[in-house]
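Inspection log for the structure reproduced underneath, given as structure tokens.
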Amino acid sequence: MWAMIMRRLSVSVISLALLVTLVFFMIHATPGGPAYSILGSHASPEAVAALNRQMGLDRPLLDQYGIWWDHLLEGRLGYSYIQHVGVSRLIGVYLDRTLALDLGALALAILVSLVVGLLQGYWADRLGGRIIGFLQIVFYAMPVFFTGILLIYVFSIRLDWLPPGGVGHPGWVGRLRHLTLPVLTLALPVSAGFSRYFGHQAREEYRQDYVRTARARGLSEWRIATRHVLRNAVRPFVTLVGMMIPVLFVGGVLTESVFNYPGLGWLLWRSALDQDYPTLSAITLLIGVLTILGNLVADLLNSILDVRVRYE
Amino acid sequence: MKAMASTPLLSVEGLRVSGRRDGRTFPVIEEVSFEIQPGRLLALVGESGCGKSLTAAAILGLLPWGFAVDRGRIILEGQEVLGLSRTDWRCLRRRLVGAVFQNPLSALNPSLPIWRQVVEAAQLSFGLDGRAARARALELLEIVGVPEAESRLDDYPHQFSGGMRQRVAIGLALACDPRLLVADEPTTSLDLITQAEILRLLQRLQHERGLAILFITHDLSLVAEYADDVLVMYAGRTVESGGVRPFLDGPLHPYSHALLGAIPRLEAPEVRLTDIEGVPPSPFDYPPACRFAPRCLQAIARCRSEDPPRVGDEGHWAYCHRPCGPEGA
Ligand SMILES: Nc1ncnc2c1ncn2[C@@H]1O[C@H](COP(=O)(O)OP(=O)(O)OP(=O)(O)O)[C@@H](O)[C@H]1O
Ligand code: SF4
Ligand SMILES: [Mg+2]
Numbered sequence: 000m001w002a003m004i005m006r007r008l009s010v011s012v013i014s015l016a017l018l019v020t021l022v023f024f025m026i027h028a029t030p031g032g033p034a035y036s037i038l039g040s041h042a043s044p045e046a047v048a049a050l051n052r053q054m055g056l057d058r059p060l061l062d063q064y065g066i067w068w069d070h071l072l073e074g075r076l077g078y079s080y081i082q083h084v085g086v087s088r089l090i091g092v093y094l095d096r097t098l099a100l101d102l103g104a105l106a107l108a109i110l111v112s113l114v115v116g117l118l119q120g121y122w123a124d125r126l127g128g129r130i131i132g133f134l135q136i137v138f139y140a141m142p143v144f145f146t147g148i149l150l151i152y153v154f155s156i157r158l159d160w161l162p163p164g165g166v167g168h169p170g171w172v173g174r175l176r177h178l179t180l181p182v183l184t185l186a187l188p189v190s191a192g193f194s195r196y197f198g199h200q201a202r203e204e205y206r207q208d209y210v211r212t213a214r215a216r217g218l219s220e221w222r223i224a225t226r227h228v229l230r231n232a233v234r235p236f237v238t239l240v241g242m243m244i245p246v247l248f249v250g251g252v253l254t255e256s257v258f259n260y261p262g263l264g265w266l267l268w269r270s271a272l273d274q275d276y277p278t279l280s281a282i283t284l285l286i287g288v289l290t291i292l293g294n295l296v297a298d299l300l301n302s303i304l305d306v307r308v309r310y311e
Numbered sequence: 000m001k002a003m004a005s006t007p008l009l010s011v012e013g014l015r016v017s018g019r020r021d022g023r024t025f026p027v028i029e030e031v032s033f034e035i036q037p038g039r040l041l042a043l044v045g046e047s048g049c050g051k052s053l054t055a056a057a058i059l060g061l062l063p064w065g066f067a068v069d070r071g072r073i074i075l076e077g078q079e080v081l082g083l084s085r086t087d088w089r090c091l092r093r094r095l096v097g098a099v100f101q102n103p104l105s106a107l108n109p110s111l112p113i114w115r116q117v118v119e120a121a122q123l124s125f126g127l128d129g130r131a132a133r134a135r136a137l138e139l140l141e142i143v144g145v146p147e148a149e150s151r152l153d154d155y156p157h158q159f160s161g162g163m164r165q166r167v168a169i170g171l172a173l174a175c176d177p178r179l180l181v182a183d184e185p186t187t188s189l190d191l192i193t194q195a196e197i198l199r200l201l202q203r204l205q206h207e208r209g210l211a212i213l214f215i216t217h218d219l220s221l222v223a224e225y226a227d228d229v230l231v232m233y234a235g236r237t238v239e240s241g242g243v244r245p246f247l248d249g250p251l252h253p254y255s256h257a258l259l260g261a262i263p264r265l266e267a268p269e270v271r272l273t274d275i276e277g278v279p280p281s282p283f284d285y286p287p288a289c290r291f292a293p294r295c296l297q298a299i300a301r302c303r304s305e306d307p308p309r310v311g312d313e314g315h316w317a318y319c320h321r322p323c324g325p326e327g328a
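Same order as they appear, the protein sequences are chains A and B.
To convert, note that position 227 of the first sequence is 226 in numbering that gives the first Met the number 0; the numbers rise steadily by one, no gaps.
To convert, note that position 200 of the second sequence is 199 in numbering that gives the first Met the number 0; the numbers rise steadily by one, no gaps.
Laid out in structure tokens, this is it:
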């Protein structure tokens, strides 16, 4: 067990180091470089050289790489020359909103897919199972901006129940009302994907003999679903959820832009347009770190759930 | 044992189970009737696909999707169960009927410690608390002969051998002290020594606790050794029934006769019932009148046009136009 955790942790650390390196070279390989984006593309070569010297961009790449690490380890993410504010502060403001949206959608998607997946497994070859399967394909294929605009049209424009975008004023009710449509939009395709996978697992479990044994012992279908099938079907599902976290973030970026919701995705999109490299690299790093952590947590959870891993 | 067990524990009367295919319903088993007295072992035999498991499934409320009992009665301890609500029947079954199946390797949930599975039904039926449940689990594992049961309570199914798992599975079935055990080929996937051990365990439960057992098997050599009564099925119908001695000494139905002829005289216990010429018909095209006629060596014209009459007496009967004599026909 401990050996497994150590192995898994070292894999995560290596992934993190690779990620940091990759982001560094990604930024430094872009044509023009940061100076041009700050000074504008018609800046004189002298001004660019001066700025590069000021930012340390004229030093050997390896030195810069070392400095990049030093700064990261000290938690310094740099300064956004576009927004004129420290990147950490900038991200702090936007991260909250993104977490609210992404985690809300994730929680909703997990809940929905557990219920739908169990039903799908239980109904397997019956009509109900087929209808669920069809809906999953439809919702999975539906682009986020299409769902988003559809929901805005129905719930904001036609029914006037919920705001079409923005974050709203501070306070729970306002925030929740502003979150509802984006969360639904993001959760829909994710639920479709999750529940399809989990439904497949549940269906396999329902075919196992232990389900028949449980029925023969007079256990109720509810108990069989929640105490027996769920337990076995959820294990691979946990891994899937971990793996899907980056996809969720990408969906979040699109959702944020549809709803004009100022979160990290929105910031990422803006900073890419503005060539705001410090912000861009910090967000990329953050998403990468969250992904690696998500996978790590999923794997560890999985090994706790899966007794057989412990005995191997 | 009560000597005069007059009321049967389970009685099945004129049971018909139908399935659906291409929008049409068709009966898969029909006119199945039998009784089991407390403390007796009834062996249900017949070739693959004749409807043995479906009969058991009907009694256990485990019919596959698309199959339903649409005629007949199932009476358990004097109570007609088909009229009960699903939940009532399930709770009645949970207390009175246990079941064991063929494949012990997959019959247990791989991710729950066995003691939880063993007592689960008892906890639901009798509301045992944690300590009492664990004690009951230990008791059950001891009854089915799991060595050093106390230290194995928290083990998971994969830590047991196939034979041990089948013992645990029997423990599961006994959780609520059932009166009836339905065992659908419980030893088919086990090696011979383990098979004999499991059968002796069933026999002990039968004798010590007056457990009635419906034992489904392919293997007629087991019938001779362990059964009290025999029921032979062919193509979805019961064709012969009787006490094991009269049945073995003088089977009435030509099909039973052929089955018994297929037991090798020497000690080769695993017998596949495929030594009869031809194959059994499928439920979609059962022949009219006697369903065995296409394969029967004694068939006459009447066998294909008129339903065969019941011959013999209460203790041993068969449906046939030309039953075999005491020495065989
Ligand atoms: N789940 C199912 N779906 C469709 N048909 C089925 C199903 N279960 C059983 N049948 C059909 O019902 C008939 C009776 O099957 P059953 O399983 O009762 O036979 P059996 O006597 O137990 O055979 P075996 O000795 O092989 O276990 C067979 O013709 C089979 O094809
Ligand atoms: S009724 Fe006729 S065909 Fe059927 S088993 Fe008897 S003799 Fe054979
Ligand atoms: Mg069978």
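A virtual CB, placed ideally from N, CA and C, is assigned to each residue, including glycine.
From the beta-carbon of residue 126/A, no residue of chain B is found nearer than 9 Å; the closest lies around 11 Å away. Taking 8 Å as the cut-off, one finds no heavy atom of ligand 1 near enough to the beta carbon of residue 213/B. Boundaries for residue 249/B: no alpha helix (DSSP H) harbours it, and the DSSP string shows neither H nor E there. Per DSSP, reduced to three states, the secondary structure at residue 243/A is helical. Boundaries of the alpha helix (DSSP H) around residue 196/A: 171-205. Sequence-ordered contacts of the region 75-103 of chain B with chain A read 89, 90, 92, 93, 98, 100, 102 [C-beta pairs closer than 7 Å]. Put simply, the backbone Cα of residue 53/A is about 13 Å away from that of residue 78/A.
Counting only Cβ-Cβ distances below 7 Å, residue 208/A has contacts in chain B at 100, 102, 105, 106, in chain order.
Across the set 38/B, 316/B, 253/B, 86/B, the C-alpha of 38/B shows the shortest separation from the C-alpha of residue 178/B. Counting C-beta pairs with one atom in each stretch, the region 136-147 of chain B and the region 159-176 of chain B have three or more that are closer than 8 Å, which means they touch. Spanning the alpha carbons of residue 242/A and residue 143/A requires a straight line of approximately 20 Å. Short note on residue 320/B: C-beta closer than 8 Å to some heavy atom of ligand 2. At the C-beta level, residue 16/B and residue 42/B stay beyond 9 Å of one another. Annotation for residue 46/B indicates a beta carbon at 8 Å or more from all heavy atoms of ligand 3. Listed along chain A are 125, each with a C-beta nearer than 7 Å to that of residue 64/B.
Spanning the alpha carbons of residue 278/A and residue 267/A requires a straight line of approximately 8 Å. Annotation: the continuous beta strand (DSSP E) that includes residue 315/B extends over 315-318. In this chain, residue 61/A is not harboured by any beta strand (DSSP E); it is covered by the alpha helix (DSSP H) spanning 60-72. The beta-bridge partner set that DSSP reports for residue 35/B consists of 9/B.
The alpha-carbon separation between residue 295/A and residue 110/A amounts to approximately 21 Å.
Counting only residues of its own chain and dropping the five nearest sequence neighbours on each side, residue 214/B has a CB closer than 6 Å to the CB of 40, 42, 182.
Using beta-carbon distances, residue 99/A does not count as an interface residue toward chain B, since no partner is under 9 Å. Interface criterion met: the Cβ of residue 60/B is under 9 Å from a Cβ in chain A. In terms of Cβ geometry, residue 197/B and residue 151/B do not form a close pair [threshold 9 Å]. Residue 46/A has its alpha-carbon roughly 40 Å from the corresponding atom of residue 98/A.
Residue 315/B and residue 245/B do touch by the CB rule: their CB atoms are close to 4 Å apart, below 8 Å. Ranking 60/A, 75/A, 19/A, 189/A by CA distance to the CA of residue 112/A puts 189/A first.
Note on residue 284/A: 16 or more other CB atoms within 10 angstroms of its CB, so buried under the neighbour-count rule.
Not a single heavy atom of ligand 2 lies less than 8 Å from the C-beta of residue 175/B.
Listed in chain order, the non-local C-beta contacts of residue 178/A below 8 Å within the same chain comprise 99, 100, 103, local neighbours out to five positions each way being set aside. Rounded to the nearest whole angstrom, the CA to CA distance from residue 50/A to residue 92/A is 28 Å. Under the 9 Å criterion on CB atoms, residue 30/B is classed as non-interfacial with respect to chain A. From the beta-carbon of residue 217/A, the residues of chain B found nearer than 7 Å are 89, 90, 92, 93, 120. Residue 224/A is outside the set of residues whose beta carbon lies under 9 Å from a beta carbon in chain B.
When the beta-carbon positions are compared, residue 201/A and residue 120/A come within less than 9 Å of each other.
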